[in-house]
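Written below as structure tokens is the structure these notes are about.
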Amino acid sequence: MEGRLSVMGVGVATLSIFALLFSSVSSHDFPTDGTVLELHDSNFDSAISAFDFILVDFYAPWCGHCKRLAPELDAAAPVLASLKEPIVIAKVNADKFTRLAVKYDIDGFPTLKLFIRGVPMDYYGPRKADLLVRFLKKFVAPDVSVLVSDSAIKKGMVFSGKDFSEDVMVAYDFDKVPALVSLHPSYNEHSVFYGPFDG
């Protein structure tokens, strides 16, 4: 009897492992064609686990602001889904699925939350499709660009030399030299690094 129980235990353990392997959720369980996903209590956690980047719109069907936001999200979704590191847009009726609203502290509509590898953060960025796409691309863009050719370096250089004019110093908000000003034209942003630099 004891031998049969241990064999049964091994069989149950083996079946449990197979069940876990085949029940794991992947992004293939959700459409990735750029449509806005409709989430609810039973698939919310799976969706958050399946995607590295997912923007969730917690909405209420009666909310006027939510109704105006929906077409913007619909327009942004295919663009964001086509990125090298795709960002998925999803929505959940937080008026109906109150457990999710409570869990994520939703106290107004619409509320947008960006989940990065399962970790939620409040989204306070723009809500027009083109600006939303531009803003969210920052989260998946590489942190550093490596310039591997002289032409790439020359293309990236705007000003060089030890002596910047005062106008340039004011325009890019720095007060010491030597300095390196790094511009990112796509996002209209810049960073300032102070020297000395080894070269």
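In terms of numbering that gives the first Met the number 0, the sequence shown has 179 at position 180, counting the first letter as 1, and numbering is strictly consecutive.
Using N, Cα and C, we set each Cβ at its ideal position, and we do this for glycine too.
| query | result |
| --- | --- |
| Please state whether DSSP places Glu-84 in a helix, a strand or coil. | coil |
| Who are the near neighbours of Cys-62 in its chain, counting only those whose CB is closer than 6 Å to its CB and skipping five residues on each side? | Phe-108 |
| Specify the secondary structure class of Lys-95 as computed by DSSP and reduced to three states. | coil |
| At the level of alpha carbons, what is the spacing between Ser-48 and Asn-42? | 10 Å |
| Please report the distance separating the alpha-carbon of Val-133 from that of Ile-53. | What sits at residue 133 in the sequence shown is Arg, not Val. Answer to the nearest angstrom: the Cα atoms are 15 Å apart. |
| Terminal residues of the continuous beta strand (DSSP E) containing Val-35? | Taken as a continuous stretch (DSSP letters only), Val-35 belongs to no beta strand (DSSP E), as it is neither H nor E. |
| Since Val-35 contacts Asp-73 with CB under 8 Å, what's their CB separation in whole angstroms? | 6 Å |
| Tell me whether Pro-60 counts as near the ligand SAM, meaning its Cβ is closer than 7 Å to at least one heavy atom of that ligand. | Within the structure as shown, the ligand SAM is missing, as the structure has no ligands at all. |
| How about Leu-68 and Asp-51: do their beta carbons lie closer than 8 Å? | no |
| Residues bridged to Leu-72 by DSSP? | According to DSSP, which records beta bridges pairwise, Leu-72 is partnered with nothing at all. |
| Whose C-alpha, out of Asp-106, Thr-31, Ser-45 and Lys-95, is nearest the C-alpha of Arg-116? | Ser-45 |
| With a threshold of 8 Å on Cβ separation, who are the neighbours of Tyr-122 within its own chain once the five nearest residues in sequence on each side are excluded? | Leu-54, Leu-111, Lys-112 and Leu-113 |
| Judging by CA-CA distance, which residue of Ile-88, Pro-30, Lys-136 and Lys-137 is the nearest neighbour of Tyr-58? | Ile-88 |
| Helix, strand or coil, according to DSSP, for Lys-127 in the structure here? | coil |
| Does the Cβ of Ser-22 have 16 or more other Cβ atoms within 10 Å, making it buried, or fewer, making it exposed? | Per-residue confidence for Ser-22 stands at a pLDDT of 40, beneath the threshold of 50, marking its modelled position as unreliable; the derived number appears in the next sentence. Classification of Ser-22: exposed, given that the 10 Å Cβ count is below 16. |
| Thinking C-alpha only, which one of Asp-40, Ser-150, Asp-149 and Lys-136 is nearest Ser-81? | Lys-136 |
| State buried or exposed for Glu-71, treating a residue as buried only when at least 16 other CB atoms are found within 10 Å of its CB. | buried |
| Alpha carbons only, please: which of Leu-38, Arg-126, Ser-148 and Lys-83 is nearest the one belonging to His-64? | Arg-126 |
| Would you mind sorting Leu-130 into buried or exposed? The rule is 16 or more other CB atoms within 10 Å of its CB. | exposed |
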